[in-house]
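What follows is one structure encoded as structure tokens, with my remarks underneath.
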Amino acid sequence: MNNHKKLKKYTESFIKSLTRYLKKGLNVSATIHPANSGGAIIEFDITEQARNEIKIIDTVPSINTTLERIDQRMIGGNIQGVTFLGTNVYMDGNRIVIIKGEDDHEHWSNKAVSDDISRIVSPHKGA
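For the sequence shown, the UniProt record's numbering gives the first residue as 1, with consecutive numbering after it.
Printed below as a string of structure tokens:
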């Protein structure tokens, strides 16, 4: 996803929606990792920093390239052999990682933000 405007809009909406669920004094910083082959990874860090911040990293060939570079414990071994479709959420401590393997509008819309936030803050019923 090379549409930085769309990535930033999704990220801003996500932060605004998530902040409603956070304790006062906590803010969210985001690092956007766009990928040429489709999709992007967005890392959200919940901290006590002064304000919300968004940073866009240089575009890489694929989201797998980003997964090799960031701190993550979700996938080991040959990351290049993994394919991502739709939205994948990885949570670790005070960090939320959103992996979107596609550029389709439906994955980056306001409804997608709402759906993604619901996956994070709503308890799942049944296992």
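Positions of the beta carbon are idealized from the N, C-alpha and C atoms, including for glycine.
Keep in mind it's a predicted model, so treat the numbers as computed, not measured.
Three CB pairs or more closer than 8 Å across the segment 43 to 62 and the segment 8 to 23: Below 8 Å, enough C-beta pairs join the segment 43 to 62 and the segment 8 to 23 to call them touching: three or more.
Continuous beta strand (DSSP E) stretch holding His4: start and end: Stepping through the sequence shown from its first residue, residue 4 is reached at position 4. No beta strand (DSSP E) contains His4, which is instead part of the alpha helix (DSSP H) from His4 to Thr19.
Three-state class that DSSP yields for Lys55 in the structure shown: Position 55 of the sequence shown, counting from 1, holds the residue named residue 55. The DSSP-derived three-state label of Lys55 is strand.
Residue interval of the alpha helix (DSSP H) (run including Lys24): Position 24 of the sequence shown, counted from the start, is the residue given in the question as residue 24. For Lys24, there is no enclosing alpha helix (DSSP H), as DSSP gives it neither H nor E.
Minimum length 3: unbroken beta strand (DSSP E) runs contained in the segment 30 to 54: Runs of the beta strand (DSSP E) inside the segment 30 to 54: 40 to 47.
8 Å Cβ cutoff met for Ile41 and Thr66: If you number the sequence shown from 1, residue 41 lands on position 41. If you number the sequence shown from 1, residue 66 lands on position 66. Their beta carbons are under 8 Å apart, which means Ile41 touches Thr66 by this criterion.
Burial state of Asp58, where buried means 16 or more other Cβ atoms lie within 10 Å: In the sequence shown, the residue the question calls residue 58 occupies position 58. Of the residues assessed, Asp58 falls on the exposed side of the cut-off, its CB having fewer than 16 other CB atoms within 10 angstroms.
Backbone CA spacing between Ile46 and Glu106 [nearest angstrom]: Taking the sequence shown and counting its residues from 1, one reaches residue 46 at position 46. Taking the sequence shown and counting its residues from 1, one reaches residue 106 at position 106. Between Ile46 and Glu106, the C-alpha separation is close to 26 Å.
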